[in-house]
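Step one of this worksheet: look at the structure below.
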Amino acid sequence: MSATEQRHASVEAAVKLGLTPDEYAHICHIQEREPTYVELAIYSLMWSEHCSYKHSRPILSRFPTSGPRILQGPGENAGIIDVGDGWAVAMKVESHNHPSAVEPFQGAATGVGGIVRDIFTMGARPCVSLDSLRFGEIDGDANARQRFLFDGVVGGIGFYGNCLGIPTVGGEVYFEDTYAGNCLVNAMSAGLMRADQIVRAIASGPGNHVVLIGSKTGRDGIGGASVLASQEFDETLEEKRPSVQVGDPFTEKKLIEACLELLHRHLVVSMQDLGAAGLTSSSSEMASKGHVGLDIHADRVPLREADMEPWEIMISESQERMLSIVDPARLADVREVCERWDLDCTVIGEVTDSKMLRIYWHDERVADIPARRLADESPVIRTPSFKPAYLVDEPVAVTDSSYPPAADAGAALLELLATPNIASKRWAYEQYDYIVQANTVQIPGSDAAVLRVKGTPRGIAFVNDCNGRHCYLDPYRGAKAAVAEAARNLSCTGALPVAVTDCLNFGNPEKGDIYWTFEQAVEGMAEACEAFDTPVVSGNVSFYNESFGNAIYPTPMVGMLGVMDDVTRHCDARFKAEGDVVVLLGPPDCAWLDGSEYQKVHFGRVEGRVPDVDLALEIELQRVLREGIATGLIRSAHDCAEGGLAVALAECCIASGTEGGALTAAPPPALGAALTLPASALRADIALFGEAPSRVVVTCAPADAPALAALAAKLPLTTLGSVGGDRLRLSVDGAAALELPVAELHAAYESLPERLA
Amino acid sequence: MTAAGPHPVRIGICVFPGINTDHDTWHAVTTFAGAEPVWLWHKDTELHDVDAVIIPGGFSYGDYLRCGAIARFSPIMASIADFAAGGGFVMGICNGFQILTEAHLLPGALIRNIGLKFVCRYVNLRVENAGTPFTQTAEPGDVLRIVVKHNEGNYRVDPVTLARMRDNGQIVLRYCAADGSEAGATTNGTIGGSSPNGSLDDIAGVCNEDFNVFGLMPHPENSVEAGLAGGTDGRVFFSSIVDSVRDRVLLR
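If you read the sequences in order, they're chains U and X.
Once you know that position 317 of the first sequence is 375 in our numbering, the rest is easy, because the numbers rise by one and skip nothing.
Once you know that position 106 of the second sequence is 497 in our numbering, the rest is easy, because the numbers rise by one and skip nothing.
Below you can see the structure in the form of structure tokens.
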């Protein structure tokens, strides 16, 4: 009796694998018979939410995905953007939320490994990583588990990325109770390549070999995509630990070198990494795209555990494996490269003209499925949606009785600087190698990361961004603002935003109110992406981010690429010199308490409605920033985000005394500033700490102030004062609000490690 | 060897699997007029007539057993040991330093950082001995600002050897404060001060007794170009090697 006969397909087995009875009936219809167990396992993975995007596909079609710079849009392992001089950038972001919640170190590590494979599969050498992380609150005795998760995730990212020699140059971390049961780990990576070296994961040429390269296959990660990624968390969390894969960055490093050589020497026809659903998804997707069939002999796959069954082999998510299509005439060359890098290289099947994915086990056919049905024709589900009950249409009514103003603005500023969402993330990024590959121009801790493109004068900049709290209060406005803020952060470095990769983290899409927030967020993002001319080139949807029925904040994370013609003209947030004029670009009289860090930290509430971004104003603001930076007029630029104008100004002071940028000596002493916020209808504390989009603090030399005003003629522009001394002094409408030594601000800003001890 | 014509100084860059600053080191060497990088492969024994060898940083064999413990048994290491025994210049950076200690071409060992975490950080380094072939273009007491990035940079050596190393001037670099003070302050492996890893005597770089083998934990190959975050303070090590090779040719 063959191994496959030990398990039988049935409706019950299908449900156990995560399929619905309807889906099982549909499978029987496609197969024109009862499926084999191997077939059922394959369908269950390929039709899982994680692999099929069955709830999101109809909504995602709203995104703009093409443009003159876009060489490859969604549908491949990564999107590819032309960045000039014959160079292109491949980029993508992917979630590894559930594996990280179950096992933070390995979950995060394999998240990095997976996204990096997506990049080099396209022929690009991975050149940066960024990570967008969300945990529950980390302060206090009750939150030891959140500190454990944060510590493990940061450690795992460093363990994998550092070993690969890929600089982790940026990222973001937020702490909110909503993520306590379901942390978010979104790993983004990008790589550089020559624009004419793109390789697509398309199988072709009947008679060509199907070759598996890299690690042996084990039982790790079986059902990762269906069991882990496509279900909510409940009390069975601990039981899911075996579904988490274990990372081997050493093998991945060898894979990078070997695969890039194979691709650049044209020794392989095409290549695809084995990610979610392992051999099943890689083979069916390659076959479907190429309109060919693949015959796979599962018994030829090198194994870690000898007694594995064919269905396990087909859906194992063992890491560090690549599938490639090889012309028999090139096989000896492919073997030579793999042997040089001490990597397994095994012919496991061949390309056919059958358009069927056929699996063999010791020459017995155990699965025979139309490849197209698996990869591209999974069911589409559109949940009837409705607006969640908690949403309100109006901002909060701020009265002195409902929100009494902070008695001591200086104390409130220190409190905000020390809050984990604003405080320096040095503790985390010091565990990442951010300088390897010798391209890093701007180290972490600034608005965006900047790298040079070797051999050219050009720069590329990366950022990821999302304020989940704002998306919770208004998913449309919040998501739109996330795109605007990412673009603004790039423009603050002098880079022109050119493309987006996104990671859309939401709760259970089968719930109508969750689905509504998803629809709204995609609409907001799409409108902003159209306005900034930043097509969405790649991305990932992560649903079922719930624990015990509680969904996370809608968190549509935006990863963005920017380009600059002359990298020496990049800009950062540091105040540069005594006497420089400090200017606020953008509306001086707009700051909202709703959804702000001040509302959460000082008043312990999250409520109201967040402002809508004025995209026309935003586009003009960013044009002024880039032009002012390129001409040298603007000497520093920093976005006003969490904590409002006061925190942004404090950060400019603090940054002036820290390292980064080209260094030949120790950092200079930090610079203070004496600044006045103009009279407005805003209460003083809200003028200082309230939040709103489209506001950037810049500095220029005094002599350049008229030229800056001329450049920004179509923008609201407010001169706040000048840089100088070693204290930050702020007044509102002539009345002194706060005065603090920059050293004290800095100490509060660097206080995160104490909380993690 | 023929007369001291301006033939390029050939600097071998040894690649082990898992090394990840090989390309950075190659690129750094190309920024020096008169220097020429040459790949050396761990499975070979051939040194291709190089004038000096650099073992770059990274994670040879994943650092899975103990940093450098597997790489030291590679075929190329026997050739490098012979090369060093004949007076050839060998510099190990980070993992390269760890490999050289495992191979006993340098004294001591590098253990886990006292903070038990990977540390990527700018450090200040005081040049304690500017008379070595690897530091001759620096001045004694110069403070260099270079990035470290490692998990195992905590230098340890027995007291007798340490005393001899001090007497000989084999301690070439120490972590220090920005003004050059405090070097050697963290003698008992405490965290804090200027050391990122709890290194004994704040040691960041050492030579062998013959001063032709040198290892350091910081990454000078990422500090050779103005305009990048790494700055240019790493140039002295490369320029010193180039000059030392040229000096030696002239002496012949």
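Beta carbons: idealized from backbone N, C-alpha and C, even for Gly.
Note that the coordinates shown come from a computational prediction; the quantities given were computed from them, not determined experimentally.
- Only exposed fits LEU641/X, as fewer than 16 other CB atoms lie within 10 angstroms of its CB.
- When the five nearest sequence neighbours on each side are left out, the beta carbons in the same chain lying within less than 7 angstroms of the beta carbon of ASN479/U are those of TYR232, PHE233, GLU655 and GLU700, in order along the chain.
- By the CB criterion at 8 angstroms, VAL641/U and GLY653/U fall outside the cutoff.
- Under the Cβ distance rule, ASN220/U counts among the residues neighbouring chain X, one pair being separated by less than 8 angstroms.
- Residues of chain X with a Cβ closer than 7 angstroms to the Cβ of GLU488/U are, in chain order, VAL510, CYS511 and ARG512.
- Listed along chain X, the residues sitting closer than 8 angstroms to GLN500/U by beta-carbon distance are ALA620.
- Chain X has no Cβ within less than 8 angstroms of the Cβ of GLN255/U.
- Here THR309/U really is in contact with GLU378/U; their C-beta atoms are around 4 angstroms apart, less than 8 angstroms.
- Rounded to the nearest angstrom, the gap between the Cα atoms of ASN599/X and THR523/X is 10 angstroms.
- Going by DSSP, GLN164/U is part of the alpha helix (DSSP H) stretching over 162-178.
- Within the region 401-413 of chain X, the residues whose Cβ lies closer than 7 angstroms to some Cβ of chain U are PRO408, GLY409, ASN411 and THR412, listed in chain order.
- The region 326-339 of chain U makes contact with the region 172-183 of chain U: 3 or more CB pairs, one atom from each, lie closer than 8 angstroms.
- Residues of chain X with a Cβ closer than 8 angstroms to the Cβ of GLN495/U are, in chain order, HIS414 and ASP415.
- At least one beta carbon of chain X lies nearer than 8 angstroms to the beta carbon of GLU717/U.
- For HIS398/X, none of the residues of chain U pass the 8 angstroms Cβ criterion, the least Cβ distance being about 26 angstroms.
- Going by C-alpha positions, CYS317/U is about 8 angstroms away from PHE178/U.
- In summary, GLU161/U is buried, with 16 or more beta-carbon neighbours lying within 10 Å of its beta-carbon over all protein chains present.
- Counted as a single uninterrupted DSSP element, the beta strand (DSSP E) harbouring MET482/X occupies residues 480-484.
- The count of Cβ pairs closer than 8 angstroms, one atom from the region 200-208 of chain U and one from the region 253-270 of chain U, stays below three, leaving the stretches out of contact.
- Annotation: the continuous alpha helix (DSSP H) that includes GLN657/U extends over 655-661.
- Residues of the region 377-399 of chain U with a C-beta less than 7 angstroms from any C-beta of chain X: TRP399, listed in chain order.
- Contacts with chain U at 8 angstroms (Cβ-Cβ) include HIS418/X.
- When Cβ-Cβ separations below 8 angstroms define contact, ASN588/X makes no contact with chain U.
- The DSSP assignment places complete alpha helix (DSSP H) segments of no fewer than 4 residues inside the region 429-511 of chain U at 429-433, 467-476 and 484-487, in order along the chain.
- Around the beta-carbon of PHE407/X, 16 or more other beta-carbon atoms lie within 10 Å, marking it buried.
- Restricting attention to SER119/U, SER482/U, PRO502/U and LYS150/U, the CA atom closest to the CA of LEU803/U is found in SER482/U.
- PHE605/X has MET482/X and CYS598/X as its beta-bridge partners, per DSSP.
- Under the 8 angstroms Cβ criterion, the region 539-546 of chain U does not count as touching the region 595-607 of chain U, having fewer than three qualifying pairs.
- In this structure, VAL755/U lies near LEU707/U, with their beta-carbon atoms less than 8 angstroms apart.
- Take the alpha-carbon of GLU612/X and the one of ASN220/U: they are about 16 angstroms apart.
- The beta carbons of ARG516/U and VAL141/U sit about 7 angstroms from each other, so the pair counts as a contact at 8 angstroms.
- Per DSSP, the continuous beta strand (DSSP E) segment holding CYS405/X begins and ends at 400-406.
- In the structure shown, LYS150/U adopts extended strand secondary structure according to DSSP, grouped into three states.
- Of the candidates PRO774/U, THR776/U, GLU797/U and THR777/U, the residue whose Cα lies closest to the Cα of ARG785/U is GLU797/U.
- Beta-bridge pairing by DSSP links LYS540/X to CYS511/X.
- DSSP links VAL304/U through a beta bridge to no other residue.
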